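What follows is one structure encoded as structure tokens, with my remarks underneath.
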Amino acid sequence: MQSKNLKWYLLIVLACVWGSSFILMKRGLEGLTASQMGALRIIFCGLFLLIIGFKNLKAIPLGQWKYIALTALVGTFMPVFLFAVAQTEINSSVSAILNSLVPLNTLVIGALLFGLQFQRRQYFGVFIGLIGSILLVYNGAMDNPNQNYLYALFVVVATVCYALNVNLIKKYLSDLSPLSISVGNFSVMLIPAIIILFCSGFSDVVMKPEAQKAMIYIAILGVVGTGIANIVFFRLIQMSSPVFASSVTYLIPVVACIWGLLDNESLSLAQGFGALIILIGVYFSARK
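For what it's worth, my numbering labels the leading residue of the sequence shown as 3, then goes sequentially.
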């Protein structure tokens, strides 16, 4: 019973942290490019995790490092840059709503690649979710002609990456501690992120006030929104199921939209309808 309550507490904490990540990304992009923000997010998080958990690296068996590297790539490295690029063109609240496709994609990938059973109502849920996504993107493009809503596809690809990551962790890394997985992931990504940062022209802007202000937001995003949140998320996957853990994305749009409204972002009635359809589709596909 206590474990059942704990997983709900962890789910709510993650929703608040990750829902706030989108406004932090928006602030980070006010002084830095997408590649600079993505690289710094990984670097800040990687250094933090190595400081608190370097000794946990020895707990990772040699044979599991291939899964550590794979989950690092699809679970963090690719999505970090995909979301950063997407938010150069679309609102943070829209990114968060599209992120709610993760449970749906977790189910699809679990069925196609990992042998999860697929029921008829879940096919129905997938179809509804896709319709909602199309409506959300289409209406966003109509209401915001100055924004390129093709960039929403970057978010969709990121949700597929997240979904693959959840299934991989559940199947291949459940016997490792969440901290070991997190430290292993970021030890793999740290050097590539540093290379990307210094190839991005970061040295030309690092002394500018707006860049330094953006770095504060990215540091918070990296340490809290990525490092600590990943540890909690991996724990949630291990104590529940891939679909339950990924259902945190039901709540993320609520938090992100509150931040977006406070930051003068607008969400039309038609976009809200598309978001509702996505959540209905996710509900049908993910509920037991």
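Glycine included, C-beta positions come from ideal geometry on N, C-alpha and C.
A quick note: this is a predicted structure, and the numbers were derived from the prediction, not measured.
Residues of its chain near residue i, where Cβ-Cβ distance is below 6 Å and the 5 sequence neighbours each way are ignored
i   : result
K57 : none
V87 : A36, F156
F85 : A160
A41 : A195, I198, L199
F83 : G40
M80 : C163
Cβ distance (whole Å) where residue i is taken to contact residue j below 8 Å
i    : j    : result
V104 : T161 : 5 Å
A98  : P255 : 5 Å
F24  : A258 : 5 Å
G55  : L181 : 5 Å
V157 : L100 : 4 Å
G229 : L51  : 5 Å
Y11  : E91  : Rounded, the Cβ-Cβ distance is 35 Å, inconsistent with contact.
Residue i to residue j span [Cα, whole Å]
i    : j    : result
M241 : P211 : 44 Å
M3   : S94  : At M3 the pLDDT is 46, less than 50, meaning the model places this residue with poor confidence; the figure from the coordinates comes in the next sentence. Looking at the two C-alpha atoms, the distance is approximately 36 Å.
R237 : V250 : 13 Å
M39  : G30  : 6 Å
L178 : I53  : 19 Å
G283 : A272 : 17 Å
F246 : S176 : 15 Å
G224 : C163 : 19 Å
L281 : I233 : 26 Å
G359 : L106 : Missing from the structure shown is residue 359; the chain here goes from 3 to 290 and no further.
F116 : Q214 : 44 Å
Y151 : S135 : 12 Å
V226 : F129 : 34 Å
V15  : I198 : 31 Å
L59  : I279 : 43 Å
I62  : L49  : 19 Å
I133 : G276 : 8 Å
L253 : E267 : 19 Å
Y174 : I111 : 15 Å
C47  : R123 : 39 Å
S291 : D145 : With the chain covering 3 to 290 only, the question about residue 291 has no answer from this structure.
L45  : M191 : Just to set this straight, residue 45 is Ile in the shown sequence, not Leu. Distance between the alpha carbons of I45 and M191 is about 8 Å.
G186 : G65  : 13 Å
L13  : A231 : 10 Å
P147 : G203 : 30 Å
S102 : S184 : 23 Å
L137 : W67  : 41 Å
Close Cβ partners of residue i (< 8 Å) along its chain, the five nearest in sequence each way excluded
i    : result
L8   : M241
W261 : G21, S22, F24, I25, S94, S95
D265 : I25, K28, S94
Beta-carbon proximity list for residue i, same chain, < 7 Å, skipping 5 on both sides
i    : result
F235 : L16, A247
L206 : According to the sequence shown, residue 206 is Asp rather than Leu. Taken in chain order, the list of residues that qualify is empty.
C201 : none
R43  : V82, I220, L223, G224, T228
Q149 : E91, I92
Q89  : M27, K28, L31, S97
Task: Given 8 Å, three or more beta-carbon pairs between the region 34 to 44 and the region 213 to 226 - done: Counting Cβ pairs under 8 Å, three or more are found: they touch.
TODO: Flag this pair as touching only if the region 155 to 170 and the region 72 to 79 have three or more C-beta atom pairs under 8 Å; answer yes or no.
DONE: At 8 Å Cβ cutoff, the stretches touch.
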